[in-house]
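Quick notes on the structure that follows.
Residue numbers (full-length UniProt numbering): 1 to 114.
What follows is the structure, given as structure tokens:
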């Protein structure tokens, strides 16, 4: 449920939309967008992606992750099986895995390293 709650608060084209989540008769449920397309893992069955496309996909995923990080979330399961290529060419994060919160920043001492 933590993952669903965390993802539900994020709006970005590179992150799958969570429409609803909850529990029914003791069982958790998640209602999310089902984009047309395929996972990057499934796409690899046809051979490697072109380098230029991998760079563009990396930019898209990085932008989506930046939005998640600004929301205070740390996705912990980014892999080809959890990235989805939609029919319109957008790469979407489908599964954040167990989402954590970033550790509190600790001040670094000023000065030169010894």
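Note that the Cβ used here is the ideal one computed from N, Cα and C, for glycine as well.
So, at 8 Å on beta carbons, what are the nonlocal neighbours of residue 57 in its own chain, with the 5 sequence-adjacent residues on each side left out? 40, 49, 83, 85, 91
For residue 96 and residue 78, the rounded distance between their alpha carbons: 7 Å
Shorter than 8 Å, the distance from the beta carbon of residue 21 to the closest heavy atom of the ligand MN, or not? What this structure holds is no ligand at all, so the ligand MN is not there to describe.
Go ahead and pull the three-state DSSP assignment for residue 58. helix
N- and C-terminal bounds of the beta strand (DSSP E) containing residue 27: 27 to 32
Buried or exposed: where does residue 72 fall if 16 or more other Cβ atoms within 10 Å of its Cβ makes it buried? exposed
Which residues DSSP lists as bridging residue 92, in chain order: 84
Would DSSP call residue 42 helix, strand or coil? helix
Closest residue to residue 19 among 5, 42, 60, 59 (Cα-Cα distance): 5
With 16 other Cβ atoms within 10 Å as the buried cut-off, status of residue 28: exposed
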